[in-house]
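Asks: Please find one structure pasted underneath; my questions will follow.
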Amino acid sequence: MACWNFWTRRSGNLVLMDSKNTIKWQSFNFPTNTILWGQRLSPMTRLTAFPISNSSPSFYYSLEIHDDKLALYLNSGNWKYSYWEYRPSDNRNITYACLTSQGLEIYNGLNWRITQITSKTPQEPPKFLALADATGNLGLYYYSPQKQVFEVSYEAINNTCYLPFACNKSYGICTSSGECSCIRLVKRGLSGLYCCNEEMLAGGSCDKSRLGMIELHGITTVLSSSSKKVNLTKAACADLCLNNCTCVAAMYGDNVNREGECYFYGLVRGVKQMGDVRERKMSYMVKVPKDVIDDCHGKGCPIKTWVLVVVGVVDGLVILILSVGIGYCVVQRRKNNIHNAENNQNIN
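With our numbering applied, the sequence shown covers 150 to 497.
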């Protein structure tokens with residue numbers, strides 16, 4: 150009769166071993182998107198999750214630990230984009246992270262806790278940390294005895310527009326109202342507006358004779374690309390993307406801190422309307438067929454500037470309605486005040 154033993158390792162992994170010390174079952178194995186109470190993550194391990202609605206297996210999310218930060222990534226083939234970071238103060242180094250009753254505690258090489266991501270429900274300690282398959286958001290979860298379900302007690306990203314797949318379709322734009330719009334352009338031969346999609350580059354993204362770059366005003370992306378060049382002009386940045394068969398979009402920043410930085414993207418995801426003042430110093434450009442942009446001649450015209458009016462239509466209508474409503478209330482109040490004053494004078 151075989152002898153079986155349960156062991157809890159230093160990492161918090163619960164393993165079932167036979168008489169030959171061969172692991173027959175374990176609670177913690179990679180790849181996984183979850184760690185349980187008492188388990189650890191180190192730079193040698195990571196959490197991974199795959200978008201449920203994604204038809205391409207090349208896309209996946211990951212939580213990774215580096216010497217100086219924890220980071221969430223969207224991985225696509227050879228491309229890697231970060232969309233959330235957590236850094237300890239004073240540039241302290243990270244050795245591992247452990248899920249405890251307080252939250253996700255982060256330790257240095259001396260096993261000293263240097264910081265932690267805290268649960269917002271201290272009365273109910275977290276049971277597990279998970280990287281969500283559907284959204285790529287990182288969360289702490291606790292068990293609610295009243296509802297008899299697991300509920301989130303901490304989320305790394307609280308704004309939907311800051312998630313990579315906030316809009317299900319490529320070239321979708323998450324507006325400031327939280328709704329999804331798209332990059333809409335005028336295409337020759339079609340009446341009305343044309344909604345950009347992946348099919349417009351179906352003929353390939355290498356033919357410079359039929360492709361061009363457009364700059365989208367008021368638009369940015371939440372994805373930070375690791376593929377970049379520095380000390381470039383905006384025109385040179387656009388031209389490099391245009392000549393790169395794998396590049397479909399580029400982000401350009403030119404100020405005191407960035408010095409002409411150009412970031413390249415192999416996908417158009419995580420696109421949103423600008424909100425932060427720092428975002429407004431960046432320029433977002435996408436590669437499109439030339440039949441959706443005006444002809445551009447000369448060396449000084451590698452980019453066509455495009456103002457997206459349609460993206461802000463929903464938000465603009467909301468603001469307009471609120472403004473009209475407030476204006477109406479103010480006018481009515483003034484009329485009532487004047488009417489009351491006249492009545493008081495007549496009485497006197």
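For every residue, glycine included, the Cβ atom is placed at its ideal position computed from N, Cα and C.
Since we're looking at a predicted model, the values are computed, not measured.
Relative to the alpha-carbon of Ser432, which residue among Ser268, Thr382 and Lys439 has its alpha-carbon at the smallest distance?
Replies: The residue given as residue 432 occupies position 283 in the sequence shown. Residue Thr382 is the option with its Cα nearest to Ser432.
Asks: Measuring CA to CA, which of Glu347, Thr244, Leu372 and Asn260 is closest to Val437?
Replies: As a working note, residue 437 is residue 288 in the sequence shown. Out of Glu347, Thr244, Leu372 and Asn260, Glu347 has the C-alpha closest to the C-alpha of Val437.
Asks: Where do the N-terminal and C-terminal ends of the beta strand (DSSP E) with Cys411 fall, by residue?
Replies: Position 262 of the sequence shown, counted from the first residue, corresponds to residue 411. Residues Glu410 to Tyr414.
Asks: Looking at C-beta atoms only, is the number of pairs between the segment 261-277 and the segment 190-202 that lie closer than 8 angstroms three or more?
Replies: The segment 261-277 is not in contact with the segment 190-202.
Asks: Would you mind giving the Cβ-Cβ distance between Val417 and Ser319, rounded to the nearest angstrom? I have them listed as a contact below 8 angstroms.
Replies: Translated into the one-based positions of the sequence shown, residue 417 becomes position 268. Translated into the one-based positions of the sequence shown, residue 319 becomes position 170. That pair is a contact at about 6 angstroms.
Asks: If you draw a straight line from the alpha carbon of Leu196 to that of Ser358, how long is it in whole angstroms?
Replies: Translated into the one-based positions of the sequence shown, residue 196 becomes position 47. Translated into the one-based positions of the sequence shown, residue 358 becomes position 209. In a straight line, the C-alpha of Leu196 is about 43 angstroms away from that of Ser358.
Asks: Based on Cα-Cα distance, which residue from Pro294, Asp403 and Ile214 lies nearest to Cys247?
Replies: Taking the sequence shown and counting its residues from 1, one reaches residue 247 at position 98. Nearest option by C-alpha distance: Ile214.
Asks: I'd like the span of the alpha helix (DSSP H) that includes Leu350, first residue to last.
Replies: As a working mapping, residue 350 is identified with position 201 in the sequence shown. Here Leu350 belongs to no alpha helix (DSSP H), and DSSP marks it neither H nor E.
Asks: Thinking C-alpha only, which one of Ile322, Thr309 and Pro274 is nearest Phe299?
Replies: For the purposes of this step, residue 299 is taken as the residue at position 150 of the sequence shown. Closest by alpha carbon: Pro274.
Asks: Within the same chain, show all residues whose beta-carbon is closer than 7 angstroms to that of Arg241, passing over the 5 residues directly before and after it, in chain order.
Replies: Along the sequence shown, read from residue 1 onward, the residue named residue 241 stands at position 92. Excluding residues within five positions, the ones whose Cβ falls inside 7 angstroms are Asn257 and Ile263.
Asks: Give the list of continuous beta strand (DSSP E) stretches no shorter than 3 residues that lie fully inside the segment 202-246.
Replies: The segment 202-246 contains these whole beta strand (DSSP E) runs: 208-214, 219-225 and 228-235.
Asks: Please list, in chain order, all residues of the same chain as Ser207 whose beta carbon is under 7 angstroms from its beta carbon, the five residues on each side excluded.
Replies: On the sequence shown, position 58 is the one that residue 207 refers to. The residues are Ser225 and Gly226.
Asks: Tell me Gly327's beta-bridge partners as DSSP assigns them.
Replies: Residue mapping note: residue 327 aligns to position 178 of the sequence shown, counting from 1. Paired residues: none, contrary to the question.
Asks: Cα-Cα, which of Tyr209, Ala305 and Phe413 is closest to Val379?
Replies: As a first step, residue 379 is located in the sequence shown; it is residue number 230 there, counting from the start. Selected option, being the one with the closest Cα: Phe413.
Asks: Closest by CA to Trp228, which one among Arg236, Tyr209 and Phe155?
Replies: Counting from 1 along the sequence shown, the entry for residue 228 is found at position 79. Of the candidates Arg236, Tyr209 and Phe155, the one whose C-alpha sits nearest the C-alpha of Trp228 is Tyr209.
Asks: In whole angstroms, what is the alpha-carbon distance linking Gly447 and Glu364?
Replies: On the sequence shown, position 298 is the one that residue 447 refers to. On the sequence shown, position 215 is the one that residue 364 refers to. With a pLDDT of only 37 at Gly447, under the threshold of 50, the placement of this residue in the model should not be trusted; the figure read from the coordinates follows. One C-alpha to the other measures close to 17 angstroms.
Asks: Only counting the same chain, and skipping five residues up and downstream in sequence, which positions put a Cβ closer than 7 angstroms to that of Asp282?
Replies: Residue 282 sits at position 133 when you count from the first residue of the sequence shown. The answer, listed in chain order, is Asn182, Ala198, Phe199, Pro200 and Ile201.
Asks: Pull up the distance between the alpha-carbon of Asp239 and that of Ala220, whole angstroms please.
Replies: As a position in the sequence shown, residue 239 is number 90, starting the count at 1. As a position in the sequence shown, residue 220 is number 71, starting the count at 1. When rounded, the distance between both Cα atoms is 17 angstroms.
Asks: Going by other Cβ atoms of all chains shown within 10 Å of its Cβ, with 16 needed for buried, is Asp443 buried or exposed?
Replies: In the sequence shown, residue 443 corresponds to position 294, counting from 1. Only weak support exists for where Asp443 lies, its pLDDT of 49 falling under 50; the value from the coordinates is given anyway. Exposed is the call here.
Asks: Hey, out of Cys386, Phe314, Gly419 and Asp403, whose CA is closest to Ser373's CA?
Replies: Taking the sequence shown and counting its residues from 1, one reaches residue 373 at position 224. Closest by alpha carbon: Gly419.
Asks: Below 9 angstroms between beta carbons: does that hold for Gly285 and Thr309?
Replies: The residue given as residue 285 occupies position 136 in the sequence shown. The residue given as residue 309 occupies position 160 in the sequence shown. Not in contact: Gly285 and Thr309 (Cβ atoms no closer than 9 angstroms).
Asks: Kindly indicate which three-state DSSP category Lys436 falls into: helix, strand or coil?
Replies: Mapped onto the sequence shown, residue 436 falls at position 287. Lys436: strand per DSSP, three-state reduction.
Asks: Do you know offhand how far Val301's Cα is from Tyr290's?
Replies: For the purposes of this step, residue 301 is identified with residue 152 of the sequence shown, where counting begins at 1. For the purposes of this step, residue 290 is identified with residue 141 of the sequence shown, where counting begins at 1. Whole-angstrom Cα-Cα distance: 4 angstroms.
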